[in-house]
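There are 2 protein chains.
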Amino acid sequence: MTRKLVIALDAMGGDHAPGAIIDGAVIACERHPDASYLIFGDEAAIKPLLARHQRLAERAVIRHTDQVVSGDDKPGQALRHGRQSSMGRAIAAVVDGEANVAVSAGNTGALMALAKFMLKTMPGIDRPALATVIPTERGESVMLDLGANVECDERNLVEFAVMGAAFARTLLGLPSPRVALLNVGVEELKGHDAVKAAGQKLRNMALPLEFTGFIEGDGITAGTVDVVVTDGFTGNIALKTAEGTARMIANLLANAFRSSLMAKLGYLFARGGLRALKDHLDPNNHNGAVFLGLNGLVVKSHGGANALGIASAIGVAHDMAADDLMGRIAADLKTGGGAPAASGKAAVS
Amino acid sequence: MTRKLVIALDAMGGDHAPGAIIDGAVIACERHPDASYLIFGDEAAIKPLLARHQRLAERAVIRHTDQVVSGDDKPGQALRHGRQSSMGRAIAAVVDGEANVAVSAGNTGALMALAKFMLKTMPGIDRPALATVIPTERGESVMLDLGANVECDERNLVEFAVMGAAFARTLLGLPSPRVALLNVGVEELKGHDAVKAAGQKLRNMALPLEFTGFIEGDGITAGTVDVVVTDGFTGNIALKTAEGTARMIANLLANAFRSSLMAKLGYLFARGGLRALKDHLDPNNHNGAVFLGLNGLVVKSHGGANALGIASAIGVAHDMAADDLMGRIAADLKTGGGAPAASGKAAVS
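See below:
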């Protein structure tokens, strides 16, 4: 890609703003030489941070605003008062065509509300979804929706499958991602009406993805599929359950390695191998959730992300913009809608 | 407890039946000297196993049947043809008052269907739920529903809270368990209608439990509450996601310890501490899911459980029967229904 990409950064969102945001951009700047940055936030705080990093400073413009969406702001408050905040103005830069993508580590609900209101939903999509990359036993997979929609019907789930597959093609470089619906069993008769009907539809559509049917919760981390599709209630809870379980084991493991002198020695010996595992599971290395289905790209970073995490989120933003993810989704929706497969499996009653 | 307890065992259910079932009963027999056993299944297979264990043999009666519910049987098939199977007859022993509780490691759907049909739902309960004990960072908690009901309304969730609390009082010995509803956020306005309405009701009921509001997915393993309540779709997926994540980390950890000679040495040194962690997370040590809300007690073991796992499931069965769990639930339902707390929190709109 030699096309110039512009990334709009909300410098004031997240637990470690603006320091971690600018430090993250410094790392991203090395990784993606084709990108430049519009940085929104408190100029007095950002300028001295930027001054220390010549390369980023040359490719960045600060846009001052003293308004910030706080972690406690409700989505409604953000909609009423947040348009001139660093978050709102980063999204506005995408709306105006000044930037190709916006990145924020701020309040998720506020970001979702502002992004949806300001960018609007893509034609052909009923509801946008929040997707992210998750670590699995075999590498990485995509999961959505992570909480944009607490209730979803079959149409939503089918659209999530299409958008998630486009995201996996872009981000994981897979020509025909394996897509599955999360369910309480793998048989066609399992689950509630929406998931059964979505399964039936996906089996009969011709899409640039391989629909593998249903998977259960333990299939998420097994890595046997590339895209895990579910409603936002279940997806949010499954993602956080996985994160919580990983954290519990990490804490118990740390206790185990502290439990005796022998165990401490053992940790020292095994440190190299354990570090690779830690890196693989570190949320900072998989950071960057994406709102799919809007007329513009917005990436949400974990609020607690460090500079490496912010750099990962900017990397996700970069790759989606460089690969024209929105164009892919629009094209896939046309393909899927226009050419249902002829396979005549009986409808699941 | 000196009252004689009778436990009905389905000897033919699960991946390692009847060997693991009988070996599990041998262990349980040492742990719970007040219990005796009715063992249902193929006498020719069971008898030689029992002959090796004098103490169990003295306290067990074999009831022969050559019919078995297989792992592939659909719930409907089990209802039509499974009444004379080892599973069906173990439940029938509870219906007839011959046994205080039934234990099976067989097909979950079939067991659920047969138990519900043969025992019927308790008066005052709309739908039974499947509950289990899960390992947390601080010890153990109870979670339900794990898949008995893929769609739940607010009444179901409230009843699950009451039944789950009674289960935690019995099994974990807690006088007033902390109970939370699983949700996508902790604020009262978060989630879908059923979970919001259930939260509102539980805040205003006087029950022998401490309702702490909503928790997110990562709260399940944190162990800050004793009972996690959710619908069967979400609960099934959350439980399996946690199991899958734990399995992924265990596999990656095993690889890390094999990755170099140094790491192998490290494992040897740290082995003691790691074994305690492994024991804490081993599903066999938390085995035994319970159908709550029926006119009789039925415990479901993991199909893959080994003898220790079966012994855990029998232990759960024993404790519930000894503690009159059904009586507790019936009394709690009366308390909760009859005496709503006066606290006048505004309804969540």
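In order, the protein sequence lines correspond to chains A and B. For any residue, its number in the working numbering is found by taking its place in the first sequence, counting from 1, and adding 43. For any residue, its number in the working numbering is found by taking its place in the second sequence, counting from 1, and adding 43. In this text, a Cβ means the ideal position worked out from N, Cα and C, and glycines have one as well.
Residue i (DSSP reduced to helix, strand or coil)
i	result
B/K117	coil
A/L337	strand
B/M55	coil
B/A6	Outside the displayed range of chain B (44 to 392) lies residue 6 of chain B, so it cannot be described from this structure.
B/Q97	helix
A/L308	helix
B/A88	helix
B/P326	helix
A/A249	coil
B/E231	coil
A/G125	coil
B/A389	Its pLDDT being 35, under 50, B/A389 is placed unreliably in this model, and the coordinates cannot settle the point.
A/D375	helix
A/F347	The sequence as given places Gly at residue 347 of chain A; Phe does not occur at that position. Here A/G347 sits in coil by DSSP.
B/G190	coil
Expected contact under 8 Å - CB spacing of residue i and residue j to nearest Å
i	j	result
B/V144	B/V137	7 Å
A/T273	A/D196	Not really, about 13 Å apart at Cβ, beyond 8 Å.
B/A208	B/L250	7 Å
A/L162	A/M130	Between A/M130 and A/L162 the Cβ distance is about 13 Å, and since that is not below 8 Å, they are no contact.
A/A158	A/V333	That pair is no contact at about 10 Å.
B/V271	B/S355	With a Cβ gap of about 20 Å, B/V271 and B/S355 do not count as contacting.
B/N279	B/G190	4 Å
A/F32	A/L224	Because residue 32 of chain A is not part of the residues shown, which for chain A are 44 to 392, the question remains open.
A/E194	A/R221	At roughly 26 Å, the Cβ-Cβ gap does not stay under 8 Å, so A/E194 and A/R221 are not in contact.
A/D77	A/L99	Not quite, the Cβ-Cβ distance comes to about 14 Å (not below 8 Å), so this is no contact.
B/E370	B/D58	At residue 370 of chain B the sequence reads Gly, which differs from the Glu that was named. The pair is not a contact, with the Cβ atoms about 34 Å apart (cut-off 8 Å).
B/V112	B/L52	The pair is not a contact, with the Cβ atoms about 14 Å apart (cut-off 8 Å).
B/I82	B/V104	7 Å
B/D169	B/R123	So it is not a contact: roughly 25 Å between Cβ atoms.
Endpoints, the alpha helix (DSSP H) within which residue i is located
i	result
A/A360	A350 to A365
B/R198	E197 to L215
A/T273	It is not in any alpha helix (DSSP H) - A/T273 carries neither H nor E in the DSSP assignment.
A/E194	No alpha helix (DSSP H) holds A/E194; DSSP gives it neither H nor E.
B/G262	G262 to A265
Continuous beta strand (DSSP E) stretch holding residue i: start and end
i	result
B/R221	R221 to L225
B/V69	Counting along the chain, B/V69 falls outside any beta strand (DSSP E), though it belongs to the alpha helix (DSSP H) covering G62 to R74.
B/V238	That residue, B/V238, is in no beta strand (DSSP E); its alpha helix (DSSP H) goes D236 to R246.
Per DSSP, cross-strand counterpart(s) of residue i
i	result
A/L81	A/A51 and A/V104
A/G256	A/A223
A/V185	A/V176 and A/V270
A/V342	A/V146 and A/V333
Residue i: CB within 7 Å of a non-hydrogen atom of the ligand HEM
i	result
A/V112	With respect to the ligand HEM, the structure offers nothing, as it holds no ligand at all.
| task | Please go through the region 129 to 180 of chain B and give each complete beta strand (DSSP E) segment of 3 or more residues, from N-terminal end onward. | result | DSSP runs (the beta strand (DSSP E)) wholly in the region 129 to 180 of chain B: 144 to 147 and 172 to 178.
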